[in-house]
Amino acid sequence: MPAEPSLHSPKHLGVWHRHTGQAASKTRKISSSESSEPVVDPGTLEISVSDPQRIGDGMGSYMVYNLNTKTTMKGFAQPSFEVQHRYSDFHALYKYLVEKYPGLLVPPPPPKSAVGTGMMKFKSQGDEVTPFIEQRQFALERFMQRIAAHPILRSDDVFKTFLTTETKVAKPKASAIASLMSKLSTYTEADEWFADKTGELEALEGQLKKLHAMLEQLVAKRKELAHHTTFFAESFAELADAEEVESLKSAMHQMADVEARVARLHGKQERRDFFDMSEIVADFVSLCGAMKICFEQRIGAFRAWQNAETNLVKKRDLEAKYTASNRTDKLDQAAQDVTDAEEAVKTTRANFEQISSLIKKEWKRFDISRANELKASLVEYVESMMTLQHQVVKAWEGFLPEAKSIGQDA
């Protein structure tokens, strides 16, 4: 018997203009140099998710989303499609892709939320598009765009069917690797590359979670600022109504109008903070979790290989026992069992090596796409901040002459 092997020895994703709800409409293509995998079909694949609608009423209700696709890829009957899917359909697609492609970094959909879903179910007709539903809509779009940017996942037949029809994705059967993953015990990594990357991934995930927590606080404080500035504008306007000096009264009303305008700008910036920074960082945290799944799949593949090796030893021992006892009636079957066990070892070893190779390539894609996406998000965020701050300054500059002229006509 051979020596027992041992592990112990994707343009930037479409950026939404959050304050208008309009999409930038273009998805960055992942080049072959970034993915280290051949792009089977280099055609364009642009995806957007829009128009959430509630179907039914009460506890039995659910939301469906329009899934819009424009493509020049082969294998599509026409260049554009519009279908509807509910959240559970997107989640079923994710589970199918994870099961079918062990070792590939499958981007996760937005997480389930019993609270957000429950609040939607009790909203009156026309008010069901809550901030939670809007957040989920944009997150589902990013989920689909990331799949479309992957050089292998984008060409999957079930994914294409999902884009073009409302057919439900069949629930995948659990593979041997998946069953072994569920039984993973304490494990010591001996491969230096994977040991290093596991440590890097843990550190990256920890830093991203801290950053996301700070961004959530920033969003909350910016929302409070917009809220309190609005109250101040309203209160100042009421005070102006009680003023008897006309020039002062007029100036106070103008100042209240400026404060109201500034409050609206704070509200726009809060949405930018949330959608262009907080949500993107949250996605990175989820992608770290997806990469961890890849690492777990590799461990599951290794365990499957080791189980096959153990089974081969048993089959060979049994064959030797039959040979020694001259059990000719059982030798043919025992020899076949050894052959089958040897083939299982070859198959599981090749599967483990393939998954290991895929993960290394996916890590490179992960690094490159994360850097590109973060850069694009930062540029978008800084530009929006500059624009909004300029509008704030412009609003106050317009009021300044009026403030200086108070009392000059007395």
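With UniProt numbering, you'll find the sequence shown wraps up at 410, consecutive numbering, no jumps. By construction, the Cβ of each residue, glycine as well, lies at the ideal position given by its N, Cα and C atoms. Please read these numbers as outputs of a predicted model, since none were measured by experiment.
Residues bridged to K70 by DSSP? E46, S80
- Message: For the segment 250–266 against the segment 335–355, do three or more pairs of beta-carbon atoms, one drawn from each stretch, fall closer than 8 Å, so that the two count as touching?
- Response: no
| What residue does the alpha helix (DSSP H) around P131 start on, and which one ends it? | Where P131 is concerned, the enclosing alpha helix (DSSP H) stretches over 131–149.
With a Cβ-Cβ cutoff of 8 Å, do M120 and R54 count as a contact? yes
**Message:** Could you compute how far the alpha carbon of K361 sits from the alpha carbon of K160?
**Reply:** So the alpha carbons of these two residues sit roughly 24 Å apart.
### Query
Should Q84 go down as buried or exposed, given a rule of 16 or more other Cβ atoms within 10 Å for buried?
exposed
> At a cut of 8 Å, does the segment 268–279 reach the segment 319–338 through at least three beta carbon pairs?
Replying inline: no
### Query
For E205 versus C294, is the C-beta distance shorter than 8 Å?
no
task = From the DSSP output, in three-state form, read off Y96 for me.
result = helix
Between the Cα of M385 and those of G267, Q297, A92, L318, spot the shortest distance and give me the residue it belongs to.
That would be G267, whose Cα lies nearest to the Cα of M385.
Among residues of its own chain, excluding the 5 on either side of P281, which ones have a beta-carbon nearer than 8 Å to its beta-carbon? What sits at residue 281 in the sequence shown is Val, not Pro. Only L208, L211, H212, L215 meet the Cβ criterion.
### Task
Let me know the secondary structure DSSP gives V393 once reduced to three states.
helix
- Message: Comparing C-alpha positions only, which one of V115, F143, M144 sits nearest to P131?
- Response: Of the candidates V115, F143, M144, the one whose C-alpha sits nearest the C-alpha of P131 is V115.
Let me know if G103 comes out buried or exposed under the rule of 16 or more other beta-carbons within 10 Å of its beta-carbon. buried
| query | Using the C-alpha atoms, what's the distance from L312 back to A320? | reply | 12 Å
DSSP bridge partner residues for H253 (one or two, in chain order)
Under DSSP, no beta-bridge partner is assigned to H253.
Can you tell me the Cβ-Cβ gap for P154 and A148, rounded? I've got them flagged as a contact below 8 Å. It is Arg, not Pro, that sits at residue 154 in the sequence shown. The pair is a contact, with the Cβ atoms about 5 Å apart (cut-off 8 Å).
Through-space distance from W193 to R303, alpha-carbon basis
19 Å
**Beta-carbon separation (whole angstroms), residue 414 vs V219, contact threshold 8 Å** = The question about residue 414 has no answer, for the chain in this structure spans 1 to 410.
Self-check item: Classification of P107 by the beta-carbon crowding that lies within 10 angstroms, buried from 16 upward
Solution: buried
Original post:
For K95, which residues of its own chain have a beta-carbon under 7 Å away from its beta-carbon, when the five flanking residues on both sides are left out?
Top reply: P172
- Query: In three-state DSSP terms, what is P401?
  - Reply: helix
query = When the Cα of F232 is compared with those of I368, A263, K292, which residue comes out closest?
reply = Ranking the options by Cα distance to F232, first place goes to A263.
As a quick exercise: from E380, T71, P110, Q145, pick the residue whose alpha carbon is nearest that of R86. P110
Just how far apart, CA to CA, sit F284 and K404? 50 Å
Worksheet item: Could you check where the alpha helix (DSSP H) with Y322 kicks off and where it finishes?
Response: Its alpha helix (DSSP H) spans residues 279–324.
Suppose contacts are defined by Cβ-Cβ distances below 8 Å. Is F366 in contact with V258 by that definition? no
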